[in-house]
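S.K.:
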Amino acid sequence: MDVANRTNTAAGGEPKILAFCCNWCTYTGADLAGLNRMKYPANVRVVRVPCSGRVNPQFILRAFARGADGVVVCGCHPGDCHYATGNFFTRRRFMLMRGLLEFNGIDPRRFHARWISGSEAAKFRDFVSEVCAIVKGLGHE
Amino acid sequence: MSRIGVFVCHCGTNLASVVDVEKVAAAARELPGVSYAAEYKYMCSEPGQQMILDAIAEHGLKRIVIASCSPRMHETTFRKMLKKSGVNEYLLEIANIREQVSWVHTDSGVATEKAVDLVRMAVAKVAKDEPLKASSIPITKRALVVGGGIAGIQAALDIADAGHEVWLLEREPSIGGRMVMLDKTFPTLDCSACISTPKMVDMSAHPNIKLLTSCEVAAVRGYIGNFTVTIRQKAKYVNQDICTGCGNCEEKCPVKVKSDFNKGLSDRPAIYRLFPQAVPAKPVIDRAHCLKLTKDRCGLCEKVCPLGCIDYADEDREYDETFGAVVLATGYGLCDWTAMYDEYGAGRFADVIDGLAFERLVNASGPTEGHIVRPSDGAEPKTVVLVKCVGSRDPKKGKPWCSRACCMYAAKHAHQILEKIPGARVFVFYIDVRTPGKNYEEFYDQTRKDGAVYVRGRVSRIYKEGGRLICQGEDSLLGKQVRVAADLVVLETAMEPAAGARETAALFGASADANGWLQEAHPKLRPVETQAGGVFLAGTCQGPKDIPDTVAQASGAAAKAIGLLNKDEMETSPMIVAVDEAKCSGCGACVDICPFGALSLEILTAREGRWERAERFVCKVNAGLCQGCGACTVACRTGAIDLRGFRNVQILEEIDALWT
Amino acid sequence: MNNFSQQQQKIRSAASRLLADGTVRFVIGWAPTRFAERTTVLFAHTEAEAQALVWNAHCTAALGKYLLDHRLADYAVGIVARGCESRMINRLLTDHQIWRERVYILGAPCPGMDAERCAGCRERAPVVWDELLWDADGMPETGGRQDAAPTNLDEATIADVGAGLALPAVGAACSRPLDTDTSLRSRFFRAEAVEGLSAAEKFSYWDEVYAKCIRCYACRQACPVCSCRACYVDMDRQGFQGKQHSAADNRVFGVTRAFHVADRCVECGECERVCPMGLPILGQTQKLIKEIEALTGEAYVQGMDAEEENFLGAFDLDDKDDFL
Amino acid sequence: MMYLLKENFDKAREALAGAYAVVVPDEVLPPKDALFPRSETLYETDRRTGEARAAGAGGKTLLFGVRPCDARAIGNLDAAFLESGYVDANYAQRRENATIVALACAQIPSPACFCDSMGGSPHEAPEADVVLTEAADGSGYALDFQSEKGSAVAEIWKAADLIGPMPAHLEKAPAPTCTLKVNKVPDLAQKLTAAFEDGLWERLAEACLGCGCCTYVCPTCYCFDIGLENRGGTADTFRCWDSCMFPGYTQMAGGHNPRWSKTQRLRNRYLHKLAYFDERYGRTLCVGCGRCICRCPQGLDITRAVEWGERL
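Residue numbers (the working numbering), protein chains in the order written: chain A, 1 to 141; chain B, 1001 to 1660; chain C, 2001 to 2324; chain D, 3001 to 3312.
#1: Taking alanine 2294(C) as the reference, which of Phe2004(C), Arg2229(C), His2260(C) and Asp2321(C) has the closest Cα?
#2: Using a cut-off of 9 Å between C-beta atoms, extract the partners of proline 1574(B) located in chain D.
#3: Under the rule that 16 or more other beta-carbon atoms within 10 Å means buried, what is lysine 1292(B), buried or exposed?
#4: What first and last residue would you give for the beta strand (DSSP E) that runs through histidine 112(A)?
#5: Do alanine 1124(B) and glutamate 1653(B) have their beta-carbon atoms positioned less than 8 Å apart in this structure?
#6: Using a C-beta to C-beta distance shorter than 7 Å, which residues of chain C count as neighbours of glycine 1299(B)?
#7: In the DSSP output, which residue or residues are listed as bridge partners for tyrosine 1332(B)?
#8: From the beta carbon of phenylalanine 1007(B), is the nearest beta carbon of chain A less than 8 Å away?
#9: Excluding the 5 residues preceding and the 5 following valine 3153(D) in the sequence, name in chain order all residues of the same chain whose CB lies nearer than 8 Å to its CB.
#10: Closest to valine 1535(B) by C-alpha separation, out of Val1229(B), Val1257(B) and Cys1246(B), would be which residue?
#11: Between the stretch 3221-3243 of chain D and chain B, which residues of the former have a C-beta closer than 7 Å to a C-beta of the latter?
#12: Only counting the same chain, and skipping five residues up and downstream in sequence, which positions put a Cβ closer than 7 Å to that of threonine 26(A)?
#13: Alpha carbons only, please: which of Gly2269(C), Arg2122(C) and Leu2312(C) is nearest the one belonging to leucine 1634(B)?
#14: Would you kindly check if the distance between the Cβ of leucine 1418(B) and the Cβ of alanine 1452(B) is under 8 Å?
#15: Would you say aspartate 1513(B) reaches chain A, if we count a Cβ-Cβ gap shorter than 8 Å as a contact?
#16: Under the rule that 16 or more other beta-carbon atoms within 10 Å means buried, what is histidine 1059(B), buried or exposed?
#17: Are any of the Cβ atoms in chain C nearer than 8 Å to that of glycine 105(A)?
#18: From Ala3073(D), Leu3180(D) and Pro3111(D), pick the residue whose C-alpha is nearest to that of arginine 3095(D); which is it?
#19: Excluding the 5 residues preceding and the 5 following lysine 3011(D) in the sequence, name in chain order all residues of the same chain whose CB lies nearer than 8 Å to its CB.
#20: Which same chain residues, not among the five before or five after tryptophan 3157(D), have their C-beta less than 7 Å away from its C-beta?
#21: Residues of the stretch 2230-2249 of chain C in Cβ contact with chain B at a cutoff of 9 Å, in chain order, please.
#22: Identify the contact partners of glutamate 1608(B) in chain C, using a Cβ-Cβ distance below 9 Å as the criterion.
#23: Roughly how many whole angstroms lie between the Cα atoms of phenylalanine 1261(B) and proline 1280(B)?
#24: Assuming valine 1019(B) and isoleucine 1097(B) make a contact with CB atoms under 8 Å, what is their CB distance in whole Å?
#25: Would you say phenylalanine 3036(D) reaches chain C, if we count a Cβ-Cβ gap shorter than 8 Å as a contact?
#26: Leaving out the 5 sequence neighbours to the left and right, which residues in its chain are closer than 7 Å to proline 1375(B) when beta-carbon positions are compared?
#27: Name the chain B residues that come within less than 7 Å of cysteine 2228(C), Cβ to Cβ?
#28: Beta-carbon separation of arginine 2953(D) and cysteine 3213(D) under 8 Å?
#29: According to a CB-to-CB cut-off of less than 7 Å, which residues of the stretch 2265-2279 of chain C neighbour chain D?
#30: Got a sec: is the Cβ-Cβ distance from alanine 42(A) to anything in chain C below 8 Å?
#31: From the DSSP output, in three-state form, read off isoleucine 1641(B) for me.
#32: Can you check which of these residues, Val1621(B), Thr1605(B) and Ser1108(B), is closest to alanine 1614(B) by C-alpha distance?
#33: List, from N- to C-terminal side, the beta strand (DSSP E) runs of 3 residues or more that fit wholly inside the stretch 1519-1548 of chain B.
#34: Look at the alpha carbon of methionine 2235(C) and the alpha carbon of valine 1649(B), and state the distance between them as a whole number of angstroms.
#35: Going by alpha carbons, who is nearest to alanine 19(A) out of Ile106(A), Ser119(A) and Ala113(A)?
#36: What is the DSSP secondary structure of glutamate 1302(B), counted as helix, strand or coil?
Okay, here's the thing in structure tokens:
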């Protein structure tokens, strides 16, 4: 969690952003961005999970503890979950976790969540670019 | 050492033109656990796969990472390939360096760096992969259809025609449902009974179909392929095996009860069949009204029965049967408008009736033999008002949804009145006219040409004046109040889910939406499936629809059930959750999360510490129901429940791999 | 004025009766120590031992967690339960950890004890009991602890009561980043004290806290919500948390612990009271409850009954996602 | 006898900062952290080559203001880490590099102190290199330099002109006595171990929460665990404090746990402090610092076990 000292930007490198993407929506959307040859910053590293409901908030803690500059969690839009309700739980979990991170002095601009469907390749591109710009702007404290 | 092999694909030039594949392979060779790394033009091609297989054999590789296109593309291909090797097909990870690297980044340097990172993550994860084995469950080759309306009948016939055994369960004494109550069907005006009763006869004669009437689902255990259903057979008091349906008993029975089937427009005896063409064509005793069963007198039916079929001692009984697939076709009911619309008289006026009652009035086999008369005095109405959207599209008083069929059957009713009563006038109050169906708009047009007057607006009040019913409302096109003095008012009321549908569906693990309509797995792409594997939806239980749509969906549900029953065994994904009972504290947090009802708490009795027979709760996973979403794993603080293939430790390793 | 003496007598007679008639195997309550401002926990197994139970402002330890030690037992356990203990019991019932029929609850409405954790307490009367020892009327309903009443050592029949020297609170004499004022507090006093800080200040605030943490896990052990058979932190092979101590590792533990109890915390404050290093960790859990209340717009108090729905085990189709 | 004026106390500490990393013990934790850290990397391994590199254990330290009981506790740690037949390299290196400056207790620090019942004294610290004892008039400290390391400290202070001979009219203040008295029990170790199966252990443990607080604040608890953590290309082998109060301490790989109850764990801790160590090294491990009594959230008290032993 030692963001200040261990981030990549602190070492002068490019920031690394970890993205958890659900297999059925966002991962598919990211693939579609590729199929359409859309361009976005190369700072994002995707971890594929079956459902955003699989993403344990402790994974986010781990990523920050290891030195992530930013973490994003993406899933299907509410109501579109491949497993019906997984992302509804995701929503509550990360609403709480985000508050807790902020409370602990982790800049909330380093953590983002977004619903991105399998067809929203452009939204994936824009979101990744936006987070990347924000995180680059933050640099290190 | 893990003996991991890494194979980097060029994908022709798709990858290699941006990513320095040789550099990726070289970097992979330096990763902990990696024994071998290579690159090749097309990994997915025959020679590419052979190259991997050869490398596995030559270098004794135990785990495989393939850096190529998206796992959504070729994960299955490579899993199949691994089946030919000694490596378990789940000891495989794909690093997606095409869709998520070479196609989206232009700078070769950063793209290569990212590709190396993704390979590093995949290597870290694969080192923690466990060999998994897909298991298979045998499928009971028999379907259960719940509900004997046209949807259930169609689904049952389709499944039976495909060669599978079907049991159809109906809670009423006869199958037929709502469709047999109707007179004619729009837009073709063919006789409803003429097209539905032959299907009912087919049903009863079909060698693959077993009919269960006066039955309910009491309980369900099991899951896709193997549902053990407890069926409750309600007492019929008539030995159905012997009865020939001669009808003596029905004639002699002294009791008169309002007929539900005829919407109270006629009477029936206490020993009765639902309607003349009922299937099975044998009577049952209505225990609530039979004098023998309620007061222990009469006994006439027993005396007149030539075959001694009557058995007053008959009792409800329950028994278990196993089915591989289930089609829910529980249908709809009409909303009780009398409880919602006091301004329409709330049932005080005998000549304000609902659409289904009108169907019975106009039906040749109905109580009036097809003569449209006023229920109050039997006179022929000259002016009839049809009110649409009673209960529908009215979130304040009724239901928020559109009932879909009413626009068309209102047009049909108007047409029938104009046809049967010369000189009759018909006014139709409407909000919108919705006619999306083949030949529907044309039918509506014709009805207007025939003389039906369409008034745009809701009826705000119906009251009696001089023996006639005054319908008052605003004509919103004219912008003024109108009053129509009617002899008969027909309310085209809202469809609502049949009573008990939600509860019945829940027994099978399927759910209902906020309005009580059964929930399909996906509103667009999986409209006949439910979240519960092996449970399918047919007809109006899923939402309001007309007969063609109902039948189409029923055949769709049947096709899904047939597809399931055609298999002897069903392979289940091994990537599901598993519980470590030693760690599980039985708190049940995971149980609340599972959308499939795959988790439950059970009491475990075991020796523990000083206690010889300690009882505690543990979570059990129903492998047939778990779909592998893993949402439950987050609720488990201990990590006692974990998702195979995406275990906590695997994901943590992936994360750690990024920051060294 | 205080009613401690009379009430103590009621506890002793009720406990004696339950032990005499065999209703319970033992009664869990408090007993004096050698030190004037300290009590310990006593499992009274006999009527004579029941006479050693005390009730005074220093009865700070919460008793609910002990029920877990006997969760597999086939006998019934008696327990003196204040508001906090009764909420713990409900929580343990909700989490299927104990059997209601094997707990006999002596309800003891509490005036607020001489502990900082009691300062923000809103629910001092028990919410579940088998027997209410005295009426909750006249108990202050919110905030503020009672003035420390003299310990009723003269009434204690335990033989070896020591010199009666005052021993400070468990975590006292450690430098706290916060003041230690124990007067009337708002429900989320700890969280509010941190919320006003800037992000950088928050970060260094917690850095200081977690540099001191010794990972003794007293906070977890005392927590009635931490009912796992195996804590994630004890399973380093599972990968979530290694055993290494560092401010960063300790911080991951602190945040994870808070998240693990997030929607089930009964706000007893034991985690903070038992901390030997005197760390103000209550703010973490308070913050989460604040967040839940902000989302639902409704009060969220756990332990009020045994049939509660966990916030994280449910959802509303219309839950806000403006954090996205 | 050399003498340090009270007004020069802080200067004396500061004067040492050039030659040593000066550690002033925490208020709660004993100074063992400086010799046996909460967590330390033993060696780093390259995960590809398997080459390991020892991490080393730091340079010269000076513990300033150690309580006599804690100094005695360091003697007990020495017995465990250096004198048991196996020499723990990291501990040995730190111990070798450490100079201990003890400060005799002018007042009893806590009502829970009972060092004088355990064979110690608030004024005596033979394990220390330097002992500061307050003069009877409170004007300064009498200095005992008890070793070569102590003499090195004396040289620094002399060079800085901070100390001088103790004026003849001054004498050390008499040692205070602890308020918590525990009777000396002859053969306590044998009595307690003989009562291993006694039901009273369970009664002593009933109120125990099972946290590890007592072991972490204890100056003589030296149990540790060794773990491995992968950090990308290298793997850290680390040692960290462990606690016999945790079930995981005795958990075996196959799932069996010989000390499955908290009674067994508490009994083990008490017996280690009062009997087992004595049997092996001829000295009682518990030094009577009182921290475990003071910090136990539930009011447990190890002296109860001593009293009970007396009645056996």
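Where a beta carbon is used, it is the ideal one built from N, C-alpha and C, also for glycine. A quick note: this is a predicted structure, and the numbers were derived from the prediction, not measured.
M.R.: The relevant details are as follows:
#1: Answer by Cα proximity: Asp2321(C).
#2: Taking a Cβ-Cβ threshold of 9 Å, none of the residues of chain D is close to proline 1574(B); the smallest such distance is about 24 Å.
#3: Classification of lysine 1292(B): buried, given that the 10 Å Cβ count is 16 or more.
#4: Element bounds for histidine 112(A): 111-115.
#5: With contacts defined as CB atoms closer than 8 Å, glutamate 1653(B) and alanine 1124(B) qualify as a contacting pair.
#6: In chain order: nothing, as chain C lies at least about 51 Å away.
#7: For tyrosine 1332(B), the pairing in a beta bridge is given by DSSP as Pro1497(B).
#8: So no, phenylalanine 1007(B) is outside the interface.
#9: Leu3016, Leu3062, Thr3099, Val3101, Asp3129, Val3130 and Phe3145, listed in sequence order.
#10: Taking only the C-alpha atoms, the option nearest valine 1535(B) is Val1229(B).
#11: Those would be Asn3230, Arg3231, Gly3232 and Gly3233, in chain order.
#12: Annotation for threonine 26(A): Cys74, Gly75, Ile116 and Phe124 place their beta carbon closer than 7 Å to its own, counting only its chain and skipping 5 residues before and after.
#13: Note that residue 1634(B) is valine in the sequence shown here, rather than leucine. Taking only the C-alpha atoms, the option nearest valine 1634(B) is Leu2312(C).
#14: The answer is yes: Cβ separation under 8 Å.
#15: False, the Cβ-Cβ gap to chain A never drops below 8 Å.
#16: So histidine 1059(B) ends up on the exposed side.
#17: Judged by the 8 Å Cβ criterion, glycine 105(A) is in contact with chain C.
#18: The option with the nearest alpha carbon to arginine 3095(D) is Ala3073(D).
#19: Close CB contacts of lysine 3011(D) within its chain, under the 8 Å cut and outside five residues either way in sequence, are with Ala3160 and Leu3162 (chain order).
#20: In the same chain as tryptophan 3157(D), and ignoring 5 residues on each side of it, the C-beta atoms closer than 7 Å to its own belong to Ala3012, Ala3015 and Ile3163, in chain order.
#21: So the list reads Ala2230, Cys2231, Tyr2232, Met2235, Arg2237, Gln2238, Gly2239 and Phe2240, given in the order they occur along the chain.
#22: Listed along the chain, the chain C residues whose CB falls inside 9 Å of the CB of glutamate 1608(B) are Leu2072.
#23: Near 16 Å, if we compare the C-alpha coordinates of proline 1280(B) and phenylalanine 1261(B).
#24: Sure, about 6 Å apart at Cβ, within 8 Å.
#25: So no, phenylalanine 3036(D) is outside the interface.
#26: Taken in chain order, the residues that qualify are Leu1265, Ala1350, Asp1351 and Ile1353.
#27: Taking a Cβ-Cβ cut-off of 7 Å, the neighbours of cysteine 2228(C) in chain B comprise Ser1585, Arg1637 and Thr1638, given in sequence order.
#28: Because chain D spans 3001 through 3312 in this model, residue 2953(D) falls outside it and cannot be assessed.
#29: The residues in question are Arg2273, Val2274, Pro2276 and Met2277.
#30: False, the Cβ-Cβ gap to chain C never drops below 8 Å.
#31: Looking at isoleucine 1641(B) - three-state DSSP - the assignment turns out to be strand.
#32: A check of alpha carbon separations from alanine 1614(B) across Val1621(B), Thr1605(B) and Ser1108(B) identifies Thr1605(B) as the nearest.
#33: Residue ranges of uninterrupted beta strand (DSSP E) with 3 or more members, entirely inside the stretch 1519-1548 of chain B and ordered along the chain, are 1535-1537.
#34: Approximately 11 Å, taken between the alpha carbons.
#35: The closest CA to that of alanine 19(A), considering only Ile106(A), Ser119(A) and Ala113(A), is found on Ala113(A).
#36: Helix at glutamate 1302(B).
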